[in-house]
Every structure is written in C-alpha cells, then in structure tokens.
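Here's the structure we're looking at; comments come further down.
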Amino acid sequence: MNFKGRVAVITGGASGIGKAAACEFARLGADLAIIDTNEAGAQQAAAALESPGRTCLSVRADVGKAEDVEKAIEKIRSKLKRIDFLFNNAGVDLVAPLLETSEEDWDRVIDTNLKGAFLLAKEAVAAMLDTGSGVIVNNASDAGLRALRLNTAYSVAKAGLIHLTRSIALDYGSKGIRCNCICPGCIDTPLCQQFNVDLGARQGKSGEALFQEFIEQNVPMRRIGTGEEVASLVAFLCSDQARYINGAIIPIDGGLTAGI
Ligand SMILES: NC(=O)c1ccc[n+]([C@@H]2O[C@H](COP(=O)([O-])OP(=O)(O)OC[C@H]3O[C@@H](n4cnc5c(N)ncnc54)[C@H](O)[C@@H]3O)[C@@H](O)[C@H]2O)c1
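With the working numbering, letter number 95 in the sequence shown gets 95, and the count goes up by one each step, no holes.
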C-alpha cells in the first residue's frame, strides 16, 4: 500500500485509535489533517508525523458543530487541495441507561458520534466528487451491532452510523466514492479505560477487575485489541486492494460479536 500524494482527514486523531490511524497513514506516505477538540493533542500528534515532503495539519474543531466543520474543511482544502480519505473516528462514550441520560448528554453523544460523521461526510463527499474518487471509513462500535446495557445514547449513535455508512455507499458508489464502517470491540484506549471505570463504579468493582472478567467471558481471543490493529484495517479499507468493498460493516473485536 502506498498513499503518497493522497490526503487523509482523521477526526479524533489526538488520541487512541485516531492517533494510531494517523501514524499508519503517515507511514504509508499520506498527507494528513487531524481534527480534534483537543487542540494541544492534535498539534502534538501532527508535529510528530510531519517530515520533509509530508504535511500534517492539525485543526481544532468540534465535529458536532457545522460551523467548525465547514471552517476546518475550508482550511484543509486550501492547504492540502484535495481529500482522498476521511476517517470519521471522533467519539465520546456515556455509561447511562435511558432514565439517567439528560437531554444535554443525549445531544453531546449523538452530535459527536453521529451528526459529526454526517457533517464531515457531506464536506468530504463534495471534495471527493471534484476528483472523482474517495473513501470514507466510519468508526462505529460493537455497540452499534447490538445495544450495550447502560449505554443508550452511545449505542443509538453507533447504530445510526452504520446506516449512514450504507446510505452513503448506496448513493455515491457510482461516483467513485466508497464508504465502509468498522465496529471495534474492546480496544486499549483512554475511552475504553474510562468506560470500564464508569461501569465498574455502578457495580462496586474496579474498572480493571470488571474488564478482565468481561474479556475472559466474552472475547473468544481473550485479549483487548490495539489501536494499531484497528488502524491497519482502516488503511486497508482506504487502499486500492479494497476497491470492491463498499457499504460493508466490519467487526474488529476478536470475535466478541460472533455469537453468545
Ligand atoms: N476504544 C474502544 O474500545 C472502542 C470500541 C468501539 C468503538 N470505539 C470508537 O472509536 C473511536 C475512537 O475512540 P478511542 O477509543 O480512540 O477514544 P479516545 O478517547 O482515545 O479518542 C477520541 C478522540 O476524539 C476526540 N473528540 C471527542 N469529541 C470530539 C468532538 N466533538 N470533536 C472532535 N474531536 C472530538 C477526543 O478529543 C479524542 O482525541 C470513537 O468513535 C469510539 O466510539 C472505541
């Protein structure tokens, strides 16, 4: 795989899976734009990947806000000229059942995880239509494939992201644009660690103890995944080797969602 001359936009690239994806795209030769609300983290991630002949931009933007997204894409298109790949990855979790989910919580989770991908995809598809090609990868979750307990807003957002993927694939496949969705299981990142702490607190257990128990009982491969493993899948889906994959929903979870 060689992404030299291609431009990848990665949301939530300051941490976790997004940061690993930024490293992988840079390793494969792409120019990059990292979008994140964590300005310092995005700057650091971009600076670490910048090299002679490779541009890595960092842009502070809240993906759930249309004005932020428009400005970010304007900056990216003026500096990098094109968008070949979009990895819609920015996300936030919330451990709460329906009755403990406030309207504010709901909006924050849906706006970040679902509306953000919609806003970015609109901008990216417009740019991709100008060049006649492009690939979008949406980062959903095992929670999008079947709801997780105590995870209402997040599970709903991720299920929506799966159908957003299919809708884009249906409407723009004929224009040279592919759109696919990945559904990670437990991946070793700050978001996953916090999820376990929050869930553990409800059950009077430490996040670590709860997590080990969960992995032992539910993940056939008996281990957590890494951001690098997810990044390899994202890069593959963007590559020409995946040129006939469109509208696919792909779990990457060590077998977590294979069955009960
Ligand atoms: N880690 C897992 O186990 C796991 C499992 C399934 C799905 N996911 C999904 O993977 C994606 C990445 O998560 P991660 O685990 O790497 O988490 P993370 O917390 O390490 O990274 C998330 C990044 O998104 C950024 N972000 C949050 N809200 C934003 C906003 N409104 N606008 C722009 N940036 C924003 C954060 O600042 C952070 O840099 C998320 O969509 C998450 O739902 C993660």
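Virtual Cβ for every residue (Gly too), placed ideally from N, Cα, C.
Q: Mind checking who L32 pairs with in its DSSP beta bridge?
A: A8, C56
Q: Rank R82, L161, R108, I76 by C-alpha distance to the C-alpha of S133 and give the top, closest one.
A: With distances taken between CA atoms, S133 lies nearest to R82 out of R82, L161, R108, I76.
Q.
Once DSSP output is grouped into helix, strand and coil, what is the label at I250?
A. Of the three classes helix, strand and coil, the one that applies to I250 here is strand, per DSSP.
Q: Answer yes or no: do A96 and D36 have a C-beta to C-beta separation smaller than 8 Å?
A: no
Q) Between which two residues does the beta strand (DSSP E) carrying F87 extend? A) 85 to 88
**Q.** C-alpha distance - A22 paired with I168, whole-angstrom precision
**A.** 23 Å
Q: Take the Cβ of D171 as the centre, count every other Cβ of all protein chains shown within 10 Å, and call the residue buried at 16 or more, exposed below.
A: exposed
**Q.** Option nearest Q194 by Cα separation, candidates T257, R27, V92
**A.** V92
Q: Sort K175, R243, S58, C238 by Cα distance to E39 and report the nearest one.
A: S58
Q) Cβ of P251 within 7 Å of any heavy atom in ligand 1? A) no
Q. Is any heavy atom of ligand 1 found at a distance shorter than 7 Å from the C-beta of T189?
A. yes
Q. Just to confirm, does S141 get its C-beta within under 7 Å of one of the non-hydrogen atoms of ligand 1?
A. Ligand 1 has a heavy atom closer than 7 Å to the beta-carbon of S141.
(Q) Any heavy atom of ligand 1 inside 7 Å of the beta-carbon of V63? (A) V63 Cβ: within cutoff of ligand 1.
(Q) Within the continuous beta strand (DSSP E) that includes I187, where are the two ends? (A) Where I187 is concerned, there is no enclosing beta strand (DSSP E), given that its DSSP letter is neither H nor E.
Q) Cβ-heavy atom distance between A90 and ligand 1 below 7 Å? A) Within the cutoff, so yes.
Q) Which one of R108, N218, G227 has the shortest CA to CA distance from A258? A) Among R108, N218, G227, the Cα nearest to that of A258 is on N218.
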